[in-house]
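Chains as they are written, first to last, in numbering that gives the first Met the number 0: chain A, 0 to 360; chain B, 0 to 360. Just so you know, even glycine gets a beta-carbon here, dropped at the ideal spot from N, CA and C. Below is one structure, written out as structure tokens; the observations come after it.
2 protein chains.
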Amino acid sequence: MAELKNDRLLRALLRQDVDRTPVWIMRQAGRYLPEYRAIREQAGSFMGLATNPELACEVTLQPLRRFELDAAILFSDILTIPDAMGLGLHFVQGEGPKFERPVRDARAIDRLGVPDPGAELAYVTDAVRTIRKALDGDVPLIGFSGSPWTLATYMVEGGSSRSFGRVKTLLYEDPAAAHRLLDTLARAVIEYLNAQIEAGAQAVQVFDSWGGALSAEAFREFSLRYMAQIVDGLKREHEGRRVPVVLFSKGCNTQLEALAGTGADALGLDWTITLDEARGRVGDRVALQGNLDPAVLLARPEAIRAEADRVLESFGHGAGHVFNLGHGITPEVPPEHLGALLDQVHATSPRYHGRAPSPSD
Amino acid sequence: MAELKNDRLLRALLRQDVDRTPVWIMRQAGRYLPEYRAIREQAGSFMGLATNPELACEVTLQPLRRFELDAAILFSDILTIPDAMGLGLHFVQGEGPKFERPVRDARAIDRLGVPDPGAELAYVTDAVRTIRKALDGDVPLIGFSGSPWTLATYMVEGGSSRSFGRVKTLLYEDPAAAHRLLDTLARAVIEYLNAQIEAGAQAVQVFDSWGGALSAEAFREFSLRYMAQIVDGLKREHEGRRVPVVLFSKGCNTQLEALAGTGADALGLDWTITLDEARGRVGDRVALQGNLDPAVLLARPEAIRAEADRVLESFGHGAGHVFNLGHGITPEVPPEHLGALLDQVHATSPRYHGRAPSPSD
């Protein structure tokens with residue numbers, strides 16, 4: 000593999016010094032880019048794109064051609080594991096992901112097996128290898144998976160949900176079956192992420208997109224616990240480097256201390272907490288990634304620049320910040336607005352690195 | 000007015016001793032009740048029901064005929080103020096509330112006036128008087144309003160939203176215009192809630208349903224500030240009793256200390272924080288209301304009882320807890336499940352009141 004020319008992301012995730020704050024954007028390969036929409040149309044369907052390693056590589060690289068980003072992130076979907084388990088993932092226009100065969104009872108849970116990442120999910124590891132080769136060491140590649148709880152919500156509900164009635168009824172009425180489902184998923188995620196790491200992913204992120212739907216107690220029992228199991232089971236070193244693990248539990252800002260206690264290297268943050276407060280709460284146990292409100296990118300560049308500065312200032316001086324949004328970039332964002340954001344992070348962030356500020360600064 | 004026979008709610012909201020934890024349920028007059036659905040059908044439309052004081056009174060009382068609840072809550076909608084401002088509220092099946100004339104620019108903001116609660120909103124104060132008479136002092140009546148920020152989201156977006164792109168663009172691009180809109184709304188809410196209090200509402204709640212969509216800084220500037228203005232402007236005593244004010248900012252658990260600093264008597268809590276943690280953070284400054292996950296009511300009664308006990312135990316001993324859900328009851332809940340919940344709160348909660356526990360308890 001080519002030597003890594005820009006290791007800001009990996010260093011910042013490990014709270015090591017950098018010259019400026021690294022930045023990548025959740026869903027940076029996505030619908031706000033016209034060149035993405037063109038390839039997506041050519042592929043015919045979202046999964047047609049995600050399961051084709053060459054096309055997945057192409058869309059992964061698209062934002063890097065336009066923008067100076069410090070990382071690439073594998074183009075894929077969080078629901079590849081349940082699809083590989085045989086649930087029949089498909090996307091319905093305007094309704095998001097659906098499963099043809101949702102998991103509705105304990106018998107269905109007990110029939111689920113851990114997919115072989117080298118077989119049903121080989122398209123993912125093939126994409127990772129293809130992308131790594133194409134990146135040629137320019138920036139690191141981030142791999143990812145959904146969290147067990149988040150995967151379980153889609154598998155039990157059969158798709159997106161607002162109230163999570165079915166999956167929560169499972170948790171409250173048959174917690175033993177819920178734990179079996181979550182344990183199977185945790186083992187599947189471990190194998191899947193380790194396969195991504197072996198194929199070349201240099202950092203991995205677990206998206207716990209629906210952690211915030213759970214009560215504080217249920218979050219610890221049904222989501223946090225399985226993310227901790229994943230962190231424990233991951234290959235943490237590869238190609239002679241530490242492979243950082245990021246946990247992103249959206250809407251779970253009351254749980255930061257517990258998330259920091261899992262052994263993850265970094266936490267993703269949504270925008271409902273200041274980085275200053277989060278840093279005060281987790282101390283030097285983890286790096287922090289985030290947390291600009293994605294809606295800021297709809298406003299004029301002056302407003303975007305001011306809000307970018309506010310996020311940088313809130314984290315303040317020192318190592319351990321990766322600039323990102325607090326959730327994925329939305330399709331309506333004009334690409335030049337993202338350009339304005341990145342320029343500002345590049346311009347302003349160096350002042351927070353280097354020598355520590357003295358009282359006379 | 001008839002003397003109040005059950006003042007548990009008012010006492011608990013003021014952190015005064017009670018014999019057992021009072022309980023009411025957000026959206027207790029709602030679609031999970033077949034008798035509600037029957038009247039709703041008879042009224043023809045949601046607003047037809049809300050604007051008819053006799054029918055609004057009838058649906059307000061329905062849950063009290065079935066269940067032993069410690070409060071009635073006015074049947075109305077959070078969007079009555081923008082409707083009275085001339086925005087043309089209507090409900091589209093499956094899509095929720097819509098405005099015919101959304102507020103899209105600074106000129107539209109500057110044209111908005113504060114509605115006269117005795118004119119455009121007289122149907123609300125009429126309903127309050129009708130309900131108070133019908134209640135005959137059995138339990139107190141809670142009045143309510145949407146928060147300025149939450150009202151603004153619907154007014155600018157034209158309806159419900161997922162990403163709040165339009166209203167957030169207003170905040171970031173033209174904060175002065177946003178502040179004028181929010182100030183107008185705060186003044187309207189003050190007049191509206193004071194009119195409800197004068198008509199007989201014995202406690203009032205401000206629903207900041209979308210406070211959690213804002214960044215931590217934007218929440219303080221665009222939501223919290225206007226709720227504090229409302230708390231300052233409310234009539235806090237009527238009929239010789241204190242009228243408690245409850246603020247419910249959903250998804251804002253990083254902001255509890257700031258919310259407690261507004262001068263409100265109590266905070267509503269969603270289920271993503273334990274009452275124990277929240278109580279530790281706000282101390283004895285405010286009472287707490289909540290916070291069972293509404294989805295628990297879909298599970299079997301045994302599970303409901305266990306989770307009810309967990310909520311009571313989390314708050315623990317002493318005054319200042321009003322049992323409620325962390326959000327509204329959903330239409331799918333079998334009414335007998337709510338009965339099981341209420342029975343459990345009645346049975347278990349007395350142990351947390353009365354004399355303080357001694358080390359030998």
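Note to self: Please report the distance separating the alpha-carbon of A/G250 from that of A/L258.
What the structure shows: 12 Å
Query - Cut-off 6 Å between Cβ atoms - residues of its own chain near A/D82, not counting five sequence neighbours on either side - result: L88
message = Using beta carbons (cut-off 7 Å, strictly below), is A/S222 in contact with chain B?
response = no
Distance check for A/Y225 and B/A151, CA to CA, integer angstroms please. 39 Å
inquiry  = Only counting the same chain, and skipping five residues up and downstream in sequence, which positions put a Cβ closer than 8 Å to that of A/G117?
reply    = Result list for A/G117: T124 and A194, in chain order.
Check your understanding: Any idea what DSSP makes of B/A107, helix, strand or coil?
Key -> helix
With H, G and I counted as helix, E and B as strand and the rest as coil, what does DSSP make of A/R350? helix
message: To be precise: take each residue of the stretch 239-256 of chain A, compare its Cβ to all Cβ atoms of chain B, and keep it if any distance is under 8 Å. Which residues remain?
response: G250, C251, N252 and T253
Requested in this report: Report the residues of the stretch 282-304 of chain A with a CB closer than 9 Å to any CB of chain B, ordered along the chain.
Outcome: N290, L291, D292, P293, A294, V295, L297, A298, R299, E301, A302 and I303
| Rounded C-alpha distance that separates B/V321 from B/I24 | 10 Å
Considering Cα atoms alone, identify which of B/V281, B/T253 and B/L192 is closest to B/E236. B/L192
Straight-line CA distance for A/Q92 to A/V245?
31 Å
Using CA coordinates, which residue listed in A/I196, A/L184 and A/E197 is at the minimum distance from A/A227? A/L184
Sorted by chain position, which residues of the same chain lie with C-beta nearer than 8 Å to A/E331's C-beta, five sequence neighbours on each side aside? Closer than 8 Å at Cβ, skipping near neighbours: Y31 and L297.
| message | As an exercise, report each continuous alpha helix (DSSP H) stretch of at least 4 residues that is fully enclosed by the stretch 138-179 of chain A, in chain order. | response | 147-156 and 164-172
query: So A/S146 and A/V205 are in contact, right, with Cβ under 8 Å, and what is the actual spacing, rounded?
result: Contact check for A/S146 and A/V205: beta-carbon distance about 5 Å, within the 8 Å limit, so the pair qualifies.
**Asked** Can you find a C-beta in chain A that's less than 7 Å from the C-beta of B/K132?
**Response** Under the Cβ distance rule, B/K132 does not count among the residues neighbouring chain A, no pair being separated by less than 7 Å.
DSSP three-state call for B/F247: helix, strand or coil? strand
Starting from the beta carbon of B/I196, find every residue of chain A whose beta carbon is closer than 9 Å, and list them in chain order. Within 9 Å Cβ-Cβ: nothing; B/I196 doesn't reach chain A, min ~32 Å.
Kindly indicate if chain A contains any beta-carbon less than 7 Å away from that of B/I272. yes
Inset, instruction - Tell me whether the beta-carbon of B/A28 lies closer than 7 Å to the beta-carbon of B/P62. - result: Yes.
Q.
Ignoring anything shorter than 4 residues, give me the alpha helix (DSSP H) runs that lie fully in the stretch 204-255 of chain A, in order along the chain.
A. 215-218 and 224-232
Determine, using beta carbons only, whether A/E172 comes closer than 7 Å to chain B.
yes
task = May I ask which residues mark the beginning and end of the beta strand (DSSP E) holding B/Q288?
result = A286 to L291
Where the beta strand (DSSP E) through A/A265 begins and ends: A265 to G267
- Member of A/T79, A/R299 and A/D137 whose CA lies at the smallest distance from the CA of B/P174: Comparing Cα-Cα distances from B/P174 to each of A/T79, A/R299 and A/D137, the minimum goes to A/R299.
Would A/A248 and A/L274 be called neighbours here (beta carbons separated by less than 7 Å)? According to the sequence shown, residue 248 of chain A is Ser rather than Ala. For A/S248 and A/L274, no; Cβs fall outside 7 Å.
query = In angstroms, rounded to a whole number, what distance separates the CA positions of A/A263 and B/P243?
reply = 44 Å
Quiz item: Quick one: is A/E67 buried, meaning 16 or more other Cβ sit within 10 Å of its Cβ, or exposed?
Solution: exposed
Any Cβ of chain A within less than 7 Å of the Cβ of B/F163? yes
May I ask you to report which of helix, strand or coil DSSP gives A/L88?
strand
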